Every structure is written in C-alpha cells, then in structure tokens.
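So for the sequence shown, the UniProt record's numbering puts the first residue at 39; every next one is plus one. Heads up: the structure comes next, in structure tokens.
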Amino acid sequence: DSSTWDPRKALCSPVDWNLAEGKHSFVVRRPGLFTISKDVLEAMKKSKPIVGLETAIYTHGFPKPNNYDLALEMEATVRDHGAIPATIGILNGRIMIGMTSEQLRELAESAGSENTHKISRRDLTYHISASGPPLNGGTTIAGTILLSRIAGIRVIATGGLGGVHKGGENSLDISADLTELSRNTVAVVTSGMKSFLDTPRTLEFLETQGVFVSTFGKKTEKVDIPGFFSRESGHPSPYIVESPEEAAHILFANHRLGLDSGNLYFNPIPEEYEIPKSEMDPIIAAAVESSSSVTGKDNTPAVLAEIVKQTEGRSMEANRRLVLENAKIGAQMAVEFSKLWE
Ligand code: PSU
Ligand code: MN
C-alpha cells in the first residue's frame with residue numbers, strides 16, 4: 039500500500055504505481071531523500087491536481103510570524119480552488135514534497151537561523167548530504183521547479199520571479215530561476231519579476247532560453263509584463279492568455295511536444311492592492327543602491343527588507359495579496375490541466 043510508503047525505509051520508490059496511473063511519473067530512485075506528505079501522495083495516486091509552492095518566500099521573503107500565516111493561507115487557497123498544495127522545501131536535511139502544518143511551522147520559525155538557507159539548484163545536494171547539523175532550506179522558484187519536475191508536479195504558484203539584476207551585464211547576476219525554467223516543463227504563475235530587476239534584459243534572456251512568456255489579460259488590450267507591486271512595467275508581454283483553461287492548453291501542448299522548456303504566466307496584482315509604479319520606482323532605486331554591497335544570493339533578501347522598511351509594510355501586504363491570487367490561478371490551471379491529461 040503506497041499510502042504507507044516510507045521513503046526512509048523503502049527500498050524502491052513508488053515509481054510503479056505512479057507510472058501505471060500515468061499522471062505523476064515519480065522517478066525518484068534514491069529512497070531516503072524525499073518525504074512526500076500523506077495528502078500529496080494520496081493526490082498523486084488518485085491523479086488529482088497538485089500545485090507546487092516555493093518556500094524561499096517564507097525563509098527569505100516574509101518576516102516571522104507572517105511567513106507561517108502566509109504558508110497556511112497559501113495552502114488553504116489552493117484547496118479552496120480544487121487542488122492539493124505541495125509546499126516544497128528542505129527540513130532537517132530532507133526534501134519535503136508537501137508538509138504538515140507542524141512542519142511548515144518548523145521551517146517558518148527557523149527563518150533567519152544560521153542553519154536555514156535559500157536553496158537553488160546549486161545548493162540542493164549539499165543540504166541533503168552534508169555532515170554537521172541538519173540543515174533547513176527554503177526553495178527558490180528554481181529549486182521548486184526542479185523538485186516539482188522530479189515529483190511530476192506541473193504547476194507552481196509563487197510571488198516574484200528572479201531574473202537579470204540591474205547591472206547584470208557586468209555582475210552576471212542572473213537568477214537560476216530563468217535557466218531552470220528553460221529546462222523543465224513546469225508552469226509558473228507569478229506577478230512579475232521582482233520589482234528591482236532589469237525587465238527588458240530578463241525578457242531577452244527568457245527568449246533566448248526558449249521560455250514561453252505570457253500575462254493574463256484581454257487579447258484586445260495592450261498588456262504589460264506586470265511590475266510586481268504595480269500592474270504596469272512599460273514592457274509589453276510577448277503573449278496574452280485569457281483564462282486558466284487557455285493556459286492549461288498551452289502547458290499541455292508543451293508536454294505533448296516534449297519541448298522540456300517551461301511556461302511563465304504573469305498574473306498582475308489586483309488593482310485594489312497595487313502600489314503605483316511612480317511611487318515604487320524611487321523606493322526600489324534607493325533599496326537597490328543601499329544593498330549594492332550585498333552580493334550573491336543575499337542580495338535579493340536585503341533589497342526586499344529595505345523595500346518593506348521604506349513602504350512601512352505596505353509592500354508586504356501587496357506581496358501577500360498577489361501571491362494568494364497566484365495560488366488561486368495556479369489551482370485553477372492545475373484543475374484544467376488534469377482534465378486534459380486524463
Ligand atoms: N520574491 C519575493 N521574495 C522572495 C523571492 C522572490 O518577494 O524571497 C525569492 C524567490 O524564491 C525567487 C528567488 O525564486 O527570490 C530568486 O532569488 P535569486 O535572484 O537569488 O535567484
Ligand atoms: Mn542572483
């Protein structure tokens with residue numbers, strides 16, 4: 039009975055039943071590395087729609103205790119819209135695909151501690167195999183994409199996408215979110231690149247990498263790539279998608295062709311929660327400036343913390359609202375996708 043399958047004891051993965059049932063080809067051949075929550079395992083077995091959720095937003099985006107509250111709200115929103123949430127992260131050196139609320143609490147409360155890190159592709163193996171104290175990790179979009187792919191999860195809902203940083207043509211600071219999108223057929227629902235990135239260069243990079251880039255909106259209107267806190271960025275979206283159903287069809291076609299590349303679905307922040315671009319631009323510019331000495335993966339959290347400070351928390355509330363909207367759209371896409379995959 040695979041519902042009692044324990045990755046720490048199992049000699050083989052649940053690959054057989056998953057392949058037999060078709061939808062979630064779970065090809066983990068390294069027992070002991072993954073812990074799949076009971077809910078997610080059950081959903082995989084029954085081929086129910088699943089939405090992958092990242093955790094860097096809890097460990098390195100939202101401060102405590104809001105991070106834990108948001109984790110619960112995200113999961114509830116996915117469920118309210120007919121899908122099962124799979125929050126993905128590293129807890130005590132184990133890759134978690136889905137977590138209980140106690141596990142979510144443990145990860146969220148460990149934010150800021152010296153053994154809790156931000157996990158992209160290059161960080162993953164160290165955290166599950168290093169000697170020393172057990173490590174925790176919040177997976178970035180890149181980390182979440184690659185783990186979702188392994189687990190057969192097709193749709194991820196998140197807040198802000200990493201990209202090419204301003205000055206990236208010199209620093210070469212380009213998020214692994216972009217390269218990971220280029221090699222895994224997973225759909226990512228996001229509200230824009232993080233506000234302080236170089237949008238045109240990020241779009242160029244995504245085009246080169248063959249990533250499908252779209253924004254939800256009306257095809258008869260001009261639609262921008264959203265600017266995260268604001269709906270506009272001044273840069274038109276390459277494609278416009280009108281509904282989660284249409285998005286699911288595009289993702290499905292990508293799977294059928296076996297292109298191996300990812301899909302981006304930008305979902306602009308709802309008008310009532312947006313902070314106008316004119317207001318955010320100077321705040322962002324100042325935050326980037328004051329964090330310019332912080333390099334590598336610590337730069338993003340430093341800039342975000344400064345933006346929260348300068349907006350007196352308004353940016354955090356906007357972020358919360360948009361990420362919950364994305365959980366809803368992600369769930370609707372996963373539901374539509376599962377109808378096509380039948
Ligand atoms: N946007 C936020 N908070 C975050 C992130 C984005 O508002 O914590 C995270 C996401 O997990 C994203 C990551 O994948 O930042 C990108 O970081 P980097 O630029 O270091 O690749
Ligand atoms: Mn970077």
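We put the CB at the ideal spot given by N, CA and C, even for glycine. All values reported here derive from a predicted model rather than from experimental measurement.
Just to confirm, are residue i and residue j a CB contact at a threshold of 9 Å?
i: Val341; j: Ala325; result: yes
i: Arg187; j: Asn222; result: yes
i: residue 11; j: Gly255; result: Only positions 39 to 380 of the chain appear in the structure, and residue 11 is not among them; the question remains open.
i: Tyr311; j: Ile367; result: no
i: Ser158; j: Ala180; result: yes
i: Thr93; j: Thr182; result: yes
i: Val361; j: Ala195; result: yes
i: Val78; j: Ile122; result: yes
i: Thr240; j: Gly272; result: no
i: Phe234; j: Ile345; result: yes
i: Glu245; j: Val251; result: yes
i: Asp262; j: Pro306; result: yes
i: Lys335; j: Lys156; result: yes
i: Pro282; j: Gly230; result: no
i: Gly248; j: Leu185; result: no
i: residue 425; j: Gly175; result: This structure gives no information on residue 425, because the portion of the chain shown stretches from 39 to 380.
i: Ala343; j: Asp118; result: no
i: Asn364; j: Thr228; result: yes
Could you please give the first and the last residue of the uninterrupted alpha helix (DSSP H) stretch that includes residue i?
i: Arg359; result: Arg352 to Trp379
i: Phe290; result: Pro282 to Leu295
i: Ile322; result: Lys315 to Ser328
i: Ile345; result: Asn337 to Gln348
Let me check understanding here. Comparing Cα to Cα, which of the options lies closest to residue i?
i: Gly300; options: Gln141, His119 and Arg192; result: Arg192
i: Arg352; options: Val332, Pro339, Glu317 and Asn337; result: Glu317
i: Arg359; options: Asn104, Phe72, Val89 and Val249; result: Asn104
i: Val91; options: Met137, Ser252 and Val249; result: Just to set this straight, residue 91 is Leu in the shown sequence, not Val. Comparing Cα positions, the closest option is Met137.
i: Gly131; options: Arg160, Pro320 and Ser167; result: Ser167
i: Asp211; options: Arg294, Phe72 and Asn337; result: Asn337
i: Ala189; options: Pro101, Thr253, Ala369 and Ile88; result: Ile88
i: Ile111; options: Ile135, Lys84, Lys86 and Ser139; result: In the sequence as presented, Ile is not what sits at residue 111; that position holds Glu. Among Ile135, Lys84, Lys86 and Ser139, the Cα nearest to that of Glu111 belongs to Ser139.
i: residue 382; options: Thr178, Glu152 and Thr177; result: Nothing can be reported for residue 382: it is not among the residues displayed for the chain, which extend from 39 to 380.
i: Gly206; options: Leu142, Asn364, Thr333 and Gly120; result: Thr333
i: Lys257; options: Gln141, Gly175, Pro276 and Asp107; result: Pro276
i: Ser85; options: Asp107, Lys102, Glu113 and Gly120; result: Gly120
i: Phe72; options: Pro339, Ile135 and Lys83; result: Ile135
i: Thr232; options: Phe267, Val224 and Leu219; result: The sequence shown places Lys at residue 232, not Thr. When only C-alpha atoms are compared, the closest one is Phe267.
i: Pro320; options: Thr349, Glu363, Gln370 and Ser331; result: Thr349
i: Leu108; options: Ala323, Arg160, Leu142 and Asp118; result: Leu142
i: Lys347; options: Ala365, Ile322, Asn364 and Ser330; result: Ile322
i: Arg160; options: Thr154, Thr177 and Pro172; result: Thr177
i: Ala291; options: Trp379, Asn208, Pro314 and Lys76; result: Trp379
In the DSSP assignment, find the unbroken beta strand (DSSP E) run with residue i in it and report its ends.
i: Leu302; result: Asn301 to Phe304
i: Val227; result: Ala225 to Thr228
i: Met134; result: Arg132 to Ile135
Threshold first: 4 residues or longer. Then list the alpha helix (DSSP H) segments lying entirely within the segment 148-215, N to C.
159-167, 179-189 and 206-209
Are the segment 137-153 and the segment 194-203 in contact at 8 Å, needing three or more beta carbon pairs?
Judged by Cβ distances under 8 Å, the segment 137-153 makes no contact with the segment 194-203, as fewer than three pairs qualify.
Give the list of continuous beta strand (DSSP E) stretches no shorter than 3 residues that lie fully inside the segment 68-122.
If only uninterrupted beta strand (DSSP E) runs of at least 3 residues are considered, those enclosed by the segment 68-122 are 72-74 and 88-91.
Counting pairs of beta carbons, one from the segment 115-131 and one from the segment 84-98, are three or more of them closer than 8 Å?
Contact between the segment 115-131 and the segment 84-98 is present, because at least three Cβ pairs lie under 8 Å.
Segment contact flag, the segment 282-292 with the segment 368-376, C-beta cutoff 8 Å, min 3 pairs
yes
For the segment 233-279, which segments carrying the alpha helix (DSSP H) assignment without a break, of at least 4 residues, lie completely within its bounds, in sequence order?
237-246
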